[in-house]
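Written below as C-alpha cells is the structure these notes are about.
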Ligand code: S3P
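In our numbering, the protein residues as written are 3 to 180.
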C-alpha cells in the first residue's frame with residue numbers, strides 16, 4: 003500500500019491513532035496541520051486571523067498536490083476540513099487508502115471543549131457549531147473515504163487494530179495500486 007490517509011472531524015483522534023498506526027506498521031507519519039504550521043512558521047489560529055480561512059484552504063490544497071510526488075509508506079493525518087473541497091477529495095484518494103474515522107457529537111464535544119487551537123470552533127455556542135459543521139461535512143467525508151470506522155467506545159489502540167483489519171480486507175477485495 004502506498005499510504006494510509008486518516009480523515010474525519012476535529013477531535014476524532016486522527017493524529018493519536020495515526021501516530022500509533024505508523025509506529026506499529028513501521029510506516030512514516032505526517033500530520034498536514036503540523037506540516038503547514040512548520041512551513042508557515044506560525045500556528046493555525048494566527049494563519050486564520052491574519053489571512054483568513056480561504057488562504058489556509060489554499061495551503062492545504064497546495065500541500066496535497068506536493069504530497070502526490072513524494073509521499074510513500076506514510077500514515078497521513080488530515081486536517082478536518084480538507085475533504086470539503088472536491089479537488090482535495092480526489093487528491094486524497096489518489097494518495098492511498100482513505101479511512102474515515104467517526105465519533106458521536108458528544109464524544110467530539112468532550113474532546114474539543116476549551117480548545118483555542120481550532121478557529122473553526124470559535125464562537126458562542128460550541129455544540130451548535132459542531133452539530134452544524136458535522137452535518138455539513140458528513141457527505142464529503144463519505145465521498146472521500148474508501149473505509150469507514152466508528153471510534154466511539156474504542157481506545158486509540160483498538161481503533162488502530164480495526165483499521166489494520168479493515169484495510170487488509172479492503173486491499174484483498176480491491177487489489178488496486180493504492
Ligand atoms: C479544521 C481542522 C483542524 C485544522 C484547522 C481547520 C477544520 O485540524 O486543520 O483548525 O476545518 O475542521 P484537526 O481536524 O486536526 O483538528
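Even for Gly, the Cβ is constructed at its ideal location relative to N, Cα and C.
If distances are taken between C-alpha atoms only, which option among 63, 120, 95 comes closest to residue 8?
Relative to residue 8, the option among 63, 120, 95 whose CA is nearest is 95.
Grouping DSSP H, G and I as helix and E and B as strand, with all else coil, what is residue 51?
Here residue 51 sits in helix by DSSP.
Best match in 106, 74, 56 for proximity to residue 87 [C-alpha to C-alpha]
Ranking the options by Cα distance to residue 87, first place goes to 56.
Applying the criterion that 16 or more other CB atoms from any shown protein chain within 10 Å of the CB defines a buried residue, is residue 125 buried or exposed?
Exposed: under 16 other Cβ atoms inside 10 Å.
Near residue 161, what residues of its chain come up, given a Cβ to Cβ distance below 8 Å and the 5 sequence neighbours on each side ignored?
Around residue 161: 15, 19, 103, 151, 153.
Quick one, are the C-beta atoms of residue 11 and residue 110 less than 7 Å apart?
For the 7 Å CB-CB criterion, residue 11 and residue 110 form a contact.
Drop a sphere of 10 angstroms on the beta-carbon of residue 34, count the other beta-carbons inside from all chains shown, and report buried for 16 or more, exposed for fewer.
With 16 or more other Cβ atoms from the protein chains shown falling within 10 Å of its own Cβ, residue 34 counts as buried.
Take residue 26 and list the residues in its own chain whose beta-carbon comes closer than 7 Å to its own, dropping the five residues that flank it on each side.
Correct list, in chain order: 162.
Report the option in 89, 46, 36, 22 whose CA atom is closest to the CA atom of residue 80.
If we check each option's Cα against that of residue 80, 36 comes out closest.
Under 6 Å: does the beta carbon of residue 122 sit that close to some heavy atom of ligand 1?
Shortest gap from the CB of residue 122 to any heavy atom of ligand 1: under 6 Å.
Residue from 75, 89, 53, 50 with nearest C-alpha to residue 65:
For residue 65, the nearest C-alpha among the options comes from 89.
Can you tell me which of the three DSSP states residue 176 falls into?
Of the three classes helix, strand and coil, the one that applies to residue 176 here is coil, per DSSP.
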